[in-house]
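Protein chains in written order, with our numbering: chain A, -13 to 530; chain B, 82 to 424; chain C, 13 to 231.
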């Protein structure tokens, strides 16, 4: 008689499925609303506003991508292919603009170019009486590009550092001059990095509410907030979100289709490219280019804010501020930890059973959160938890008769939950790429030797993947503390983060006072960026 | 299976920890959903706490978000009071059945009848006017008269104001719908847009700066921003405020548009008495001066003198409409402005 | 096309010398093997000949044209020397047809087609014209890399470890294929390898590289 070993689903599967369901549930609300009938407000939007929204959004996306790719690509290229004094310093400094949220840069630059602003004063001093107006799509796209290009930069840097010299050497020997080599070999090989980087840039741009609201730019995120809150129509807001998500997916699909059968990387372990010393003119240009980027993306706004800090520190440095800073850090810590844990679970769910497409798509769904605007996630979750609380309130009353019904909804739990949905994909990608470097063989060996899944995870995987975990942790953490729209909507009573604090000051037109929370936020983020770029075993290790 | 149970228990623990830890609503406390919060407000709340022992918890956000939140929370909400910086939105909160009426003799003493909701659902805390500011070198006071006059072709390319998405412009528009009807209001908006010096951008202060910079000659803005600029720590803003002049339109006709910040008691609170006490406090002589001056607004309590800056502008005729009409026409106002191309 | 190499010295910045006075002479149409252990400098020798590295000392002459001496250095793109790397370095984003066509920028469309078709026939991959490198086997990739270099009509062809990435059982066949193609084109060729069997099988002359010097070990 045959005996069968009982099938026990492993822990990763169970937890992945649970996590996935928990993440998808609130998003379900969005789908449900899509099937509601069109409201009068929707007809109004469709007639007067939709076309403008679409055109503006597309224009913004294109402008931001083009500028961000130019900045990120060339800075990465200069820093990997040429040798010049200060090169190593530039390598990590170029990541710093990521510490400056786009909306804060927006407040500051708008202030600096206003009639009473620093830039105008300087120009007046040298005799130019003009004020610069940046509150339009072009101004906004420049600000987005200069604060988000590091995504493109980092991915290009990684790709270029690993590129074998044999490609360009072959091209050289086949008679191609430098520019042709760049256009036909180096650049095409960078395509995956550029695409992935610009996708991140685009998603962040589409999600932003602070900057487009302040600059009064009619794009989709603006529309969503507007329909929702100004016109009071949730259905229209959700429809607009659906449009937005659809556009994002279209972009991704189009890129896939264009790529076709081509591949952009073939694994090899050949010699890496050595750096050349640039000619004096080129060297000058490189310095000019890189320094300009850093000035615009980081040092100018920070310096302006330092001045404002000096003006306002007496009123803004309060106990309250320190509490806010602490709240920011703690909630970020909790959210990030949860994200990294779930990321580990899901990556393991997928990687050891690569053949099953079901697994692949399940984890892809869980990464959906990043493409959905923070505001949409926020309200979706709020509704979800209100319903859940109502469902569970009898249980609450059982433990504590005085318990309020909306126990979860009023707590920080919803906020953290929302962060998880929104940023899971970042953690996931970082953990996944680290696991890919390590491979499956070590873990598989452990299983063959009788180890349980969890034991293998802790004893075998962890020592090898912890650089990736640290990378994931830092990347997610920085994103969480910068987050604005979602936090604005879901925060509990007496709860502010550094980001919301800056926003509140700015909406009350107290730009100078934004300096305190903003600089604190930038300080924390910059410190983390410094750590991650100098971390010996992290993503930057092969670059130096 | 054992490990899974352990993990599950851990999750439940984290869950309950985060859930409970921040649940601060006790008996002797009030939770306010407020749009407005200046640092000086905190001092007032602290004083209230000191005098009464009632702690104040705040949730700060834009009016629209607060209202939506209250809607979703329904009868389970933790909020006791709602403070909003616009009569239109206050009315909306009332229409959505989020507030409850409260009365007291003290309130009636503190707040004049035209600054209360007719059915006592909300009470104003401060008042401001939406006026015309102009550059004296390029515009003489005699050229100005009414809001309607702003659509005259002589002002082409000379007017700036902020976006139509802003609550204050929406209420302004609502008041015109009430006074003139939908069609004339739309005509006005279209006429105004035709005279814009630039596409709306920035906040009210930016409009004043644009006027001084020569980009425009007139701006529509709230009175309190002028105060903010005049007393700003930035000397250049002070300069701007000192350069421009203020004009209260429609003095001979329908009066200048005014709006209020107001407070209402949330329908589903169980602390109606405590909440009313807070409103009485904020509208009292003790608190009004500080509360209004914090933002250079006109106090509501008739016994309290306004800030010297406001006093220097003298008294003026206000629009003779009940403030709840601002909420009645709010959505229509937004749509008409969209239609008129007012970005 | 004969190539003459005299007394090459080379080291990377701040590292130990790799080539310590190499000399070599290759006659027209010969296939020459440079044999050595890994680290012996044979790959570096090829790179220096190709012009991808600049030697500290030494003279390289190709058909009486000086490619490299104390006062001159000719850019690798102008040397008319071809090289196939150990990893083949086929451009992954181009089809094999486009890979082969890479050096043919100055030809007309018709000329290009003729050259490509001709080479595809020689390497026996005519039916895979539109394929991409990752869709081919290792041996096929090597042939394409060879064809790509040949399309540029070089005077000398350098091969770095051409057989080390291939399956053992196909090696003999592939070695003969290579020899056939090279002889068919009357191509002067230098290839670096650590495998004596490879060298014996196809080389006309074998030299040994040890400690940065070439030993005369003619066969």
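No residue lacks a Cβ here, since even glycine has one placed at the ideal position from N, Cα and C.
With a threshold of 8 Å on Cβ separation, who are the neighbours of residue 400 (chain B) within its own chain once the five nearest residues in sequence on each side are excluded? 256, 260, 331, 335, 336, 337, 338, 339
Using the Cα positions of residue 125 (chain C) and residue 156 (chain A), report the straight-line distance between them to the nearest angstrom. 21 Å
Quick one: what's got a C-beta closer than 8 Å to residue 138 (chain C)'s C-beta in the same chain, skipping five residues either side? The beta carbon of residue 138 (chain C) is closer than 8 Å to those of 129, 132 in its chain, skipping five residues each way along the sequence.
Cβ pair count under 8 Å reaching 3, the segment -2 to 8 of chain A against the segment 345 to 359 of chain A: Segments in contact, yes.
Suppose the cutoff is 8 Å on Cβ atoms and the five residues either side in sequence are ignored; what does the same chain contact list for residue 183 (chain A) look like? 54, 55, 58, 137, 138, 139, 140, 141, 142
Give every residue of the same chain whose Cβ lies closer than 6 Å to the Cβ of residue -2 (chain A), excluding the five residues on either side of it in the sequence, and list them in chain order. 331, 334, 335
Residue nearest to residue 192 (chain A) in terms of C-alpha spacing, selected from A:179, A:206, A:508, A:261: If you compare the alpha carbons of A:179, A:206, A:508, A:261 with that of residue 192 (chain A), the shortest gap goes to A:206.
With residue 237 (chain A) and residue 50 (chain A) assumed to form a contact (beta carbons below 8 Å), what rounded beta-carbon distance in angstroms separates them? Actually they do not touch by this definition, with Cβ atoms about 13 Å apart.
Can you pull the chain B neighbours of residue 114 (chain A), defined as C-beta to C-beta under 8 Å? Within chain B, no residue comes near residue 114 (chain A); the closest Cβ sits about 13 Å away, beyond 8 Å.
What are the partner residues of residue 398 (chain A), as DSSP defines its beta bridges? Paired residue(s): none; residue 398 (chain A) is not in a bridge.
What residue range is occupied by the uninterrupted beta strand (DSSP E) comprising residue 220 (chain C)? 217 to 222
For residue 204 (chain C) and residue 54 (chain C), believed in contact at Cβ under 8 Å, the rounded distance: 4 Å
Can you list, in chain order, the residues of its chain whose CB lies under 7 Å from that of residue 320 (chain A), leaving out five sequence neighbours each side? So the qualifying residues of the chain are 402.
I'd like to confirm the pairing. Which residues does DSSP put opposite residue 110 (chain B) in its beta bridges? B:136
Which stretch, first to last residue, makes up the beta strand (DSSP E) that contains residue 204 (chain B)? Segment 203 to 215, the beta strand (DSSP E) holding residue 204 (chain B).
Helix, strand or coil: how does DSSP classify residue 104 (chain B) here? Residue placement at residue 104 (chain B) is poorly supported in this model, since its pLDDT is 46, which falls under 50; the coordinates are not used for a value here.
Checking the sheet assignment: what are the DSSP bridge partners for residue 165 (chain B)? B:343
beta-carbon residue 186 (chain B) near the ligand NAD non-hydrogen atom, thresh 6 Å: The ligand NAD is not part of this structure, which contains no ligands at all.
At which residues does the alpha helix (DSSP H) containing residue 317 (chain A) begin and terminate? First-last of the alpha helix (DSSP H) with residue 317 (chain A): 305 to 337.
What residues from the segment 272 to 283 of chain B come within 8 Å of chain A, judged by C-beta to C-beta, listed N to C? 279, 280, 281, 282, 283
Does the beta-carbon of residue 101 (chain B) have 16 or more other beta-carbons within 10 angstroms, so that it is buried, or is it exposed? For residue 101 (chain B), the predicted structure reports a pLDDT of 48, less than 50, and the residue's modelled location is therefore unreliable. The matter cannot be settled from this model.
What is the DSSP secondary structure of residue 150 (chain A), reduced to helix, strand or coil? strand
Identify each residue in the segment 169 to 192 of chain A for which the Cβ-Cβ distance to at least one residue of chain C is less than 8 Å, and report them in chain order. 170, 171, 174, 175, 177
So if I threshold CB-CB distances at 9 Å, which residues from the segment 76 to 104 of chain A count as touching chain B? Listed in sequence order: 96, 100, 101, 102, 103.
By DSSP's criteria, residue 16 (chain C) is part of a beta bridge. Which residues make up the other side? Beta-bridge partners of residue 16 (chain C) (DSSP): C:37, C:73.
Does any residue of chain C have a CB that is nearer than 7 Å to the CB of residue 69 (chain A)? no
Residue-chain proximity (residue 199 (chain C), chain A), Cβ-Cβ < 7 Å: no
Which residues of the segment 285 to 300 of chain B have a Cβ closer than 8 Å to any Cβ of chain A? Give them in chain order. Within the segment 285 to 300 of chain B, the residues whose Cβ lies closer than 8 Å to some Cβ of chain A are 285, 286, 287, 290, 291, 293, 294, 296, listed in chain order.
Is the beta carbon of residue 285 (chain B) less than 7 Å from the beta carbon of residue 239 (chain B)? no
Could you check whether the Cβ of residue 195 (chain B) sits closer than 7 Å to any Cβ belonging to chain A? no
Under 8 Å Cβ to Cβ from residue 119 (chain C), same chain only, skipping five residues before and after it: list those, please. 127
Short check: CB of residue 99 (chain A) to CB of residue 118 (chain A), under 7 Å? yes
Suppose you measure from the CA of residue 210 (chain C) to the CA of residue 219 (chain C); what does that come to, to the nearest Å? 13 Å
Round the Cβ separation of residue 104 (chain C) and residue 63 (chain C) to the nearest angstrom and send it over; I've been treating them as touching at under 8 Å. The pair is not a contact, with the Cβ atoms about 25 Å apart (cut-off 8 Å).
Count the other CB atoms, across all protein chains shown, that sit within 10 Å of the CB of residue 31 (chain C); report buried if there are 16 or more and exposed otherwise. buried
Neighbouring residues, chain A, relative to residue 420 (chain B) (Cβ below 8 Å): 34
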